[in-house]
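Visitor: Can you keep this structure in mind? I'll have questions shortly.
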Amino acid sequence: MISLNEEYHPAASALQGEFAREVGELFGPKGKLAAIRGFEWRPEQQQMAAAVAAALEGRTHLVVEAGTGVGKSLAYLMPAVLHARRTGHKALISTHTINLQEQLLYKDIPLVRGLLGDDFEAVLLKGRQNYVCPVRLARAVRHGGDLFTNEEKPDLERIREWAATTSDGSLSDLPFEPPQQLWSQVCSEQHLCTPKTCGRDSGCFYQAARRRAQSAQVLVLNHTLFFTLLGEPEEGGSGYLFPDDFVVFDEAHTVEQVASRHLGFSLSQYGLRQSLQRLYNPRTRKGLLQQVRHGDGISAVADLIPEVDRFFDALAGACNFKQGRECRIREDRSAELIGAVAESPLAEGLSKLVEAAGSAAAKAQDEGLQGELNEVASRLKVSRSGLADFLSQNAPDHVYWVERSGRTSTWCSLHAAPVAVAPLLGRLLFREGSTAVMTSATLSVGSAELDYFRGRVGALEVPALQLGSPFDYSRQMKLHLVPKMPEPKDAAYEDALVKWIGHFTAESCARAFVLFTSHRTMQAVAAKMQGFFEEKGWNLIVQGAGISRSRMLEAFREGGESVLFGTDSFWTGVDLPGEALSSVIITRLPFVTPDHPLTEAKLEEIQSSGGDPFQSYSLPEAILKLRQGVGRLIRSGSDKGTIVILDSRILTRPYGKAFLKALPECPVEIA
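Numbers 31 to 701, taken from our numbering, label the letters of the sequence shown in order.
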């Protein structure tokens, strides 16, 4: 464990490498950066920068908790950029939220450029399906009569007009949200959009982005894309996505969750229908097979689409969804559930369609059409493989479940995920000769060694560094606790929330986040309080009202006296410094719901190995989530505000002390 000193002393530090000393001095009170106007020396930032430099120099790994206000993005960007420039190795900066990506690209990286006096290249790496493919688009317009309905054609024309003027070519630049079925037929695809088919003269936006990525020193991407692109390590190789690259995970507290999704597999009813309808849609009589007049293939698709629905409906009918939208396929019931679909011709039908699409491609005269058909055939092969994997359920240490989705829960999907990702991440990320740095403001649940987090991500052998926040929480923040709150099952619970939310928002003159753990409770309380906020002349912004998260935050920031009601996504990744946010009200301690199949399997694994599921998983996860929620309030050295926790368990249950200990030291008032 590396401890925090009052000041970083290179000669006395265990970080003896030349690069680490250079970076440490650069961030020092008498270093080069200190001479720049507006730069404030922070010993925590200096120590983190030197530690990151040491990991890069030694080709080792590092886990860092850096409290809010440390300036961790600059502390890893500066050594990362310097190392990338000198070695030619790419720096991958992976985040969880778009907000942080934008902060890095438009604020922090330009700052590093100015500090270093060097115009290095940094680009945002997006998944290829974010980009329109001009070749596919031109083909779609040319053969629109066979592919699109009259209702879809106006949107296709809008995309064509936009593509002629855009310099970016990605969805974020498109001024409207296109239908997914339409966009999937004009976006970049792996087997259709290659350097050969979309060369330099095609104007291909993805290939242009790919070339920029190849030449850039710094690539910013999100965790989802990182794990989507991450493959098995090559023998003797040290790179992750590029040869000899290195990666810094910011917002690393989300890595386990994201990795769990992408190291398993899933197959959705909606996605499978969409692939089939690309070949032929019986309702519209449009599709690729219609273009080549492949009668046998058209009949096969028309027969198979109802079988897809029958398969998923039969499986869903055998599931017990009483506890939510997910149903775990347990070993003692797997035979019964799988038996419900054992006679389904779906797998055989998919195999026949793969052959039909292949034969249609062979007969097609148009090279683009051949590619489209082969792409769909490839997708159907993956679906067939996923279906076989789910039905066999032979992946070791995996949990399997069926999930309903959509507003009316009409669509079903099949899922499998490893119960524990730590062994996989240990092998994929923390291997010898590479460098992975993980950092966040919230990794600790009490241990300065960050043991809980390191154990969850396979980094128990990786050095840990914990750095506190430079903010004066004793002056900037106050904590209010309410000792007598009813339980959620109590009929008086919602009325008690209404009472206390009204009380504390009145004290802060709105300017409050109210964080919920239940979407249903949030909606019920919002309905009861609408009149209260209207009477006050305040703007109530409620998640789930058809407004995007970014639009909600924009409305809150610009709306003056506003109160925002939010659930899971607003507990983390929100940065609103200044007077816009003066109060964060937490309605319930954020314990993870144990009824999700993956969570349930994690708890059972701990139990079976002799551990305590509550102490070893449920409580640490809730502490981290609470720290994230509390962390929304104080974002700068001049911010002031109040945290309110409307859950009496923090005072009445023994584990309440663990929550309080994990929060910054500040004045506490009990209502």
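We put the CB at the ideal spot given by N, CA and C, even for glycine.
Taking the alpha carbon of Ala-387 as the point to measure from, which residue in Ala-377, Val-406, Val-371 has its own alpha carbon closest?
Guide: Among Ala-377, Val-406, Val-371, the Cα nearest to that of Ala-387 belongs to Val-406.
Visitor: Using DSSP with H/G/I as helix, E/B as strand and the rest coil, what is Ile-485?
Guide: Going by the sequence as given, residue 485 is Gly instead of Ile. Gly-485: helix per DSSP, three-state reduction.
Visitor: Val-451 and His-91 - do their beta-carbons sit closer together than 9 Å?
Guide: Taking 9 Å as the Cβ cut-off, His-91 and Val-451 do not qualify as a contacting pair.
Visitor: Report the rounded CA-to-CA distance for Asp-339 versus Ala-193, giving the unit in angstroms.
Guide: If I take the Cα positions, the gap works out to 36 Å.
Visitor: Counting only runs of 4+ residues fully inside the stretch 394–424, write out the alpha helix (DSSP H) ranges in chain order.
Guide: As far as the stretch 394–424 is concerned, its whole alpha helix (DSSP H) runs of at least 4 residues are 397–422.
Visitor: Distance, Cα to Cα, Gly-667 vs Leu-509?
Guide: C-alpha separation (whole angstroms): 18 Å.
Visitor: Roughly how many angstroms lie between the CA atoms of Arg-166 and Leu-306, to the nearest whole one?
Guide: Whole-angstrom Cα-Cα distance: 19 Å.
Visitor: Would DSSP call Met-507 helix, strand or coil?
Guide: In this structure, Met-507 counts as strand in the three-state DSSP scheme.
Visitor: For Tyr-685, which of helix, strand or coil comes out of DSSP?
Guide: Three-state DSSP puts Tyr-685 in coil, outside helix and strand.
Visitor: Could you give the C-beta distance for Gly-199 and Val-162, rounded to a whole number, given that I count them as a contact under 8 Å?
Guide: Confirmed, about 5 Å.
Visitor: For Val-53, which option in Gly-659, Val-111, Ser-470 has the closest C-alpha, if you only look at C-alpha atoms?
Guide: When only C-alpha atoms are compared, the closest one is Val-111.
Visitor: With a CB to CB cut of under 6 Å and the five nearest residues on each side skipped, what residues in its chain are close to Gly-398?
Guide: Taken in chain order, the residues that qualify are Arg-169.
Visitor: Whose C-beta lies closer than 8 Å to the C-beta of Val-449 among residues of the same chain, with five residues either side of it excluded?
Guide: The residues are Asp-427, His-428, Val-429, Leu-628, Ala-631, Lys-632, Glu-635.
Visitor: Curious, which full-length alpha helix (DSSP H) runs of at least 4 residues does the stretch 607–687 contain?
Guide: The stretch 607–687 contains these whole alpha helix (DSSP H) runs: 627–638, 649–660, 679–682.
Visitor: Roughly how many whole angstroms lie between the Cα atoms of Glu-524 and Pro-518?
Guide: Looking at the two C-alpha atoms, the distance is approximately 8 Å.
Visitor: For Gly-99 versus Ile-664, is the C-beta spacing smaller than 9 Å?
Guide: Their beta carbons are under 9 Å apart, which means Gly-99 touches Ile-664 by this criterion.
Visitor: If you draw a straight line from the alpha carbon of Ala-85 to that of Gln-247, how long is it in whole angstroms?
Guide: Distance between the alpha carbons of Ala-85 and Gln-247 is about 18 Å.
Visitor: If distances are taken between C-alpha atoms only, which option among Met-515, Ser-464, Lys-316 comes closest to Ser-678?
Guide: Per the Cα distances, Met-515.
Visitor: Please state if the CB of Ile-128 and the CB of Ser-580 are separated by a distance shorter than 9 Å.
Guide: Yes. Within cutoff.
Visitor: Taking the alpha carbon of Phe-644 as the point to measure from, which residue in Phe-150, Ser-197, Phe-621, Phe-279 has its own alpha carbon closest?
Guide: With distances taken between Cα atoms, Phe-644 lies closest to Phe-621.
Visitor: State buried or exposed for Asp-149, treating a residue as buried only when at least 16 other CB atoms are found within 10 Å of its CB.
Guide: By the neighbour-count rule (16 or more Cβ atoms within 10 Å), Asp-149 is not buried but exposed.
Visitor: Would you kindly work out how many angstroms separate the C-alpha atoms of Ala-471 and Leu-383, rounded to a whole number?
Guide: Using only the alpha carbons, I get a separation of about 50 Å.
Visitor: Less than 9 Å separating the beta-carbons of Leu-656 and Leu-619?
Guide: Yes, these two residues count as a Cβ contact at 9 Å.
Visitor: My parser needs the beta strand (DSSP E) runs of 3 or more residues fully inside the stretch 451–501; what are they?
Guide: If we require 3 residues or more, the beta strand (DSSP E) runs fully inside the stretch 451–501 come out as 466–470, 494–497.
Visitor: Is DSSP giving Lys-226 helix, strand or coil here?
Guide: Of the three classes helix, strand and coil, the one that applies to Lys-226 here is coil, per DSSP.
Visitor: Would you tell me roughly how many angstroms separate the C-alpha atoms of Asp-203 and Thr-196, rounded to the nearest one?
Guide: Looking at the two C-alpha atoms, the distance is approximately 7 Å.
Visitor: What do you get for Gly-261, buried or exposed, if any count of 16 or more other CB atoms within 10 angstroms of its CB means buried?
Guide: So Gly-261 ends up on the exposed side.
Visitor: If you reduce the DSSP assignment to three classes, tell me which class His-253 lands in.
Guide: If DSSP states are grouped into helix, strand and coil, His-253 belongs with the helices.
Visitor: What residues in its chain sit with their C-beta under 6 Å from that of Thr-314, if we drop five residues either side in the sequence?
Guide: Taken in chain order, the residues that qualify are Thr-179.
Visitor: Is the distance from the Cβ of Val-467 to the Cβ of Val-82 below 9 Å?
Guide: Yes, the pair counts as a contact, with Cβ atoms nearer than the cut-off.
Visitor: Hey, is the stretch 111–124 in contact with the stretch 214–227, meaning 3+ C-beta pairs nearer than 8 Å?
Guide: Cβ pair count under 8 Å is below three, so no.
Visitor: Ordered along the chain, which non-local residues of its own chain (more than five positions away) have a Cβ less than 8 Å from that of Pro-13?
Guide: Residue 13 lies beyond the residue range present for the chain, which begins at 31 and ends at 701; the question has no answer from this structure.
Visitor: On the criterion of 16 or more Cβ atoms from any shown chain inside 10 Å, does Thr-440 qualify as buried, or is it exposed?
Guide: Per the 10 Å Cβ criterion, exposed.
Visitor: Out of Glu-695, Ala-80, Ala-692, Pro-624, state which residue places its alpha-carbon closest to the alpha-carbon of Cys-357.
Guide: Checking every option, the nearest Cα to that of Cys-357 belongs to Pro-624.
Visitor: Less than 6 Å between C-beta atoms, sequence neighbours within five positions excluded: which residues of the same chain meet that for Ala-522?
Guide: So the qualifying residues of the chain are Pro-516.
Visitor: Short check: CB of Thr-602 to CB of His-283, under 9 Å?
Guide: Against a cut-off of 9 Å, the Cβ pair of His-283 and Thr-602 comes out as a contact.
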